Amino acid sequence: MSTRRERINEQFEEIKAKVDADQDKRERLIKSSRDITALSKRMIFSLHRVYKLPRIEQFKQFDKIRNDQFKQIQDIWFNRVAIEFDYQDELTRLNVSQNFSKFVSAGLEEYIEALSFMEFLESDMLITIDKVQNVLTKEGSERAVVEVQPSEYLGGIGDLTGELMRMAIQILGSADISLIERIVELIKSVRGILEDNQNHFNLQQKINTLENSLKKIEDTRYTYEVRKAEFKDNPEALKRIVEQCRNESG
1 MSTRRERINE
11 QFEEIKAKVD
21 ADQDKRERLI
31 KSSRDITALS
41 KRMIFSLHRV
51 YKLPRIEQFK
61 QFDKIRNDQF
71 KQIQDIWFNR
81 VAIEFDYQDE
91 LTRLNVSQNF
101 SKFVSAGLEE
111 YIEALSFMEF
121 LESDMLITID
131 KVQNVLTKEG
141 SERAVVEVQP
151 SEYLGGIGDL
161 TGELMRMAIQ
171 ILGSADISLI
181 ERIVELIKSV
191 RGILEDNQNH
201 FNLQQKINTL
211 ENSLKKIEDT
221 RYTYEVRKAE
231 FKDNPEALKR
241 IVEQCRNESG
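Numbering-wise, the UniProt record's numbering puts 199 at position 199 of the sequence shown, and it's gapless, one number per residue.
So, in structure tokens, the structure goes:
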């Protein structure tokens with residue numbers, strides 16, 4: 001029969017093992033989140049090169065991105081993130097999700113930004129939270145192991161507007177004006193979504209950044225139109241001004 005001291009020691013070891021396991025899980029998720037963030041940034045950088053290409057070449061590049069950064073992120077998501085939340089017992093799964101999902105939120109938000117940018121370039125649409133969830137749910141699964149939170153989705157599409165602003169300025173002078181109008185329209189649509197959810201989530205900083213993006217597009221367009229009239233007989237000077245605007249867009 002074990003003594004009281006032995007029982008206390010056993011309980012202490014059990015608690016220590018649980019704390020150590022939780023710490024290891026937290027560190028694994030933080031590392032996975034950072035890797036997803038880095039790959040998502042690379043994916044966004046690649047996408048910024050795609051829209052400058054002829055349309056037929058764009059399709060080839062989309063396939064290349066899907067087989068590169070997108071595939072790498074999906075592998076990390078299913079093999080290193082989702083597995084940490086995959087418990088048969090629903091109560092355990094919910095408890096783990098509540099305690100640990102926050103450690104991967106930053107990476108997920110960055111990935112949603114990349115997915116939404118690719119969705120716009122491919123289909124001229126704003127990605128829905130349901131489509132994001134489908135991407136992050138293993139094919140054939142009856143349920144999502146990790147549910148995308150509205151705050152993560154809103155943060156991702158909020159950050160998308162910065163990429164759209166850079167795109168609008170990059171194509172200024174070399175694309176149909178209707179595409180820039182469509183970009184402005186989509187940014188305003190995102191603004192409406194964020195404003196509708198402002199009472200539930202702290203989105204004011206995202207909204208302020210979005211407003212700055214809209215202003216930057218309008219200011220750059222105005223400068224371009226003025227300079228285009230001013231340097232209509234000097235295309236090289238106009239070209240240098242456009243290039244300067246593109247460089248300033250970041």
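Don't be surprised by glycine CBs; every beta carbon is placed ideally from N, CA and C. None of these values were measured; they are calculated from a predicted model.
Taking one beta carbon from each stretch, the region 101-112 and the region 131-149 have 3 or more pairs nearer than 8 Å; the two touch. Taking a 10 Å sphere around the C-beta of valine 104, we find 16 or more other C-beta atoms and assign the residue as buried. Under a 10 Å Cβ-count criterion, methionine 167 is classified as buried, with 16 or more other Cβ atoms of the shown protein chains found around its own Cβ. In the structure shown, phenylalanine 120 falls within a helical segment according to DSSP collapsed to helix, strand and coil.
Arginine 42 sits away from glutamine 23, with the two beta carbons spaced by 9 Å or more. Using a 10 angstroms sphere on the CB of alanine 82, the tally of other CB atoms reaches 16 or more, which defines it as buried.
Between the beta-carbon of serine 32 and that of isoleucine 73 there is about 10 Å, and that puts the pair past the 8 Å contact cut. The region 9-26 and the region 44-52 do not touch, with fewer than three beta-carbon pairs separated by less than 8 Å. DSSP places valine 145 outside both helix and strand once states are collapsed to three, so it counts as coil.
Secondary structure note for valine 226: its alpha helix (DSSP H) is the uninterrupted segment 204-230. Where valine 190 is concerned, the enclosing alpha helix (DSSP H) starts and stops at 177-196. For the options Val148, Ala106 and Arg26, the alpha carbon positioned closest to that of glutamate 84 is the one of Arg26.
Looking at Val146, Tyr224, Asn202 and Asn208, the one whose alpha-carbon comes closest to that of isoleucine 177 is Tyr224.
Under the three-state reduction of DSSP output, valine 104 falls in the coil class, being neither helix nor strand. Around the C-beta of arginine 66, fewer than 16 other C-beta atoms lie within 10 Å, and the residue is accordingly described as exposed.
Using a Cβ-Cβ distance cut-off of 8 Å, the region 141-156 and the region 200-207 are in contact, since at least three pairs of beta carbons, one from each stretch, lie closer than that value. The beta carbon of arginine 34 sits closer than 7 Å to those of Gly107, all from its chain and outside the five residues before and after it, given in chain order.
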